[in-house]
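Student: Attaching a single structure in structure tokens format; questions to follow.
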Amino acid sequence: MTISTIIFLIFIGVISGIINSIIGMASLISYPALISVGIPPVLANASNTVALISSGISSTISSLRELKGHWKSACPVILLNAVGGLIGSILLLHSSNEAFSKIIPFLIFFAACTILIPTKHQDKKTTAKSTFWEYVLLGLVGIYVGYFGAGAGVIMIAVLSRITNSSYNVYNATRNVATLASNLMASIVFILVANLYWKEIIILAIGLFIGGFIGPIIVRYIPTKIMKNGVGIFAVLLSIYLFIKAFF
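Next up, the structure:
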């Protein structure tokens, strides 16, 4: 491995880590980067998932202030994503990305609309009825995180924004921990059965750790409305990009 490759992967890791801890789009940058240095697609996907653990750890550490007093509500989300990540990793090892690549643009566009449309205040009884299906969706998102994960952060943010009255930085912190749980479970499977590219993983993980710590600090100083609108607009653009990539 050349010095330029090392610098490249660390740089990509920092940028991906920041993005991952703010909105959860790291795979759209880090995954192609691993392919560009010669790693086959499926193994690049698995190696990327393992490397992302470092971003999850640092973003969780950096988000402890936001998570204080919210662990009770975060635990079901974390558990669902952990189970989903395990299922998703098994699916990855026994299938292709083609089916998901054609579905995910529509899911992300729906998530974008959910984020951008103002939330109406509901009474607790109505909210309780709706949250069952929203938690089911969170479990499905966890499966997708274990399978590939690109865009999963936007979908998770969209759901969390509907089932909590907290600010963006709080439910984004919950998403960071939940994604860590999903990636961790998926990584256990990949480590046991796949021939991973450990040199590239370690180097990328260094950058991801740095970026993952920086992201929540940035979110802390940006108003919730700006973050939600920014994420929503970005999600619309992302859905268009993924739609074109999947169907044309």
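Residue numbering for the sequence shown follows full-length UniProt numbering, beginning at 1 and increasing consecutively. Beta carbons are placed, not taken as given, at the ideal position from N, Cα and C, and that holds for glycine. In this text, all values refer to a predicted model and were calculated from it rather than measured experimentally.
(1) Touching or not, the stretch 154-174 and the stretch 31-50, by the rule of three or more beta carbon pairs under 8 Å?
(2) Using 8 Å as the cut-off, can you tell me whether the stretch 167-179 makes contact with the stretch 58-68, which would need three or more C-beta pairs spanning the two stretches below that distance?
(3) Only counting the same chain, and skipping five residues up and downstream in sequence, which positions put a Cβ closer than 6 Å to that of I78?
(4) Taking 6 Å as the limit between beta carbons, can you name the residues of its chain near V189, skipping five residues before and five after?
(5) Between A194 and the rest of its own chain, which residues show a CB-CB distance below 6 Å, the 5 nearest in sequence each way excluded?
(6) What separation, rounded to the nearest whole angstrom, lies between the Cα atoms of V42 and I23?
(7) For D123, count neighbouring C-beta atoms within 10 Å of its own C-beta (all shown protein chains included) and say buried if the count is 16 or more, exposed if not.
(8) What's the call for S55, buried or exposed, on a 16-neighbour Cβ count within 10 Å?
(9) Could you give the residue range of the alpha helix (DSSP H) that holds V193?
(10) If you drop the 5 nearest sequence neighbours on each side, which residues of the same chain put their C-beta closer than 6 Å to that of Y86?
(11) Hey, quick one: how far does the alpha helix (DSSP H) through K228 stretch, first residue to last?
(12) From L237, F148 and R220, pick the residue whose C-alpha is nearest to that of P32; which is it?
Tutor: In brief:
(1) no
(2) yes
(3) V177, A178 and A181
(4) S89
(5) A46
(6) 24 Å
(7) Since pLDDT at D123 reaches only 49, below the 50 mark, its modelled position is unreliable, and the value read off the structure follows with that caveat. Looking at its Cβ environment, which holds fewer than 16 other Cβ atoms inside 10 Å, D123 is exposed.
(8) buried
(9) Element bounds for V193: Y168 to V193.
(10) Sequence inspection shows Leu at residue 86; the Tyr mentioned does not correspond to that position. Cβ within range, chain order: M185.
(11) T224 to F247
(12) F148
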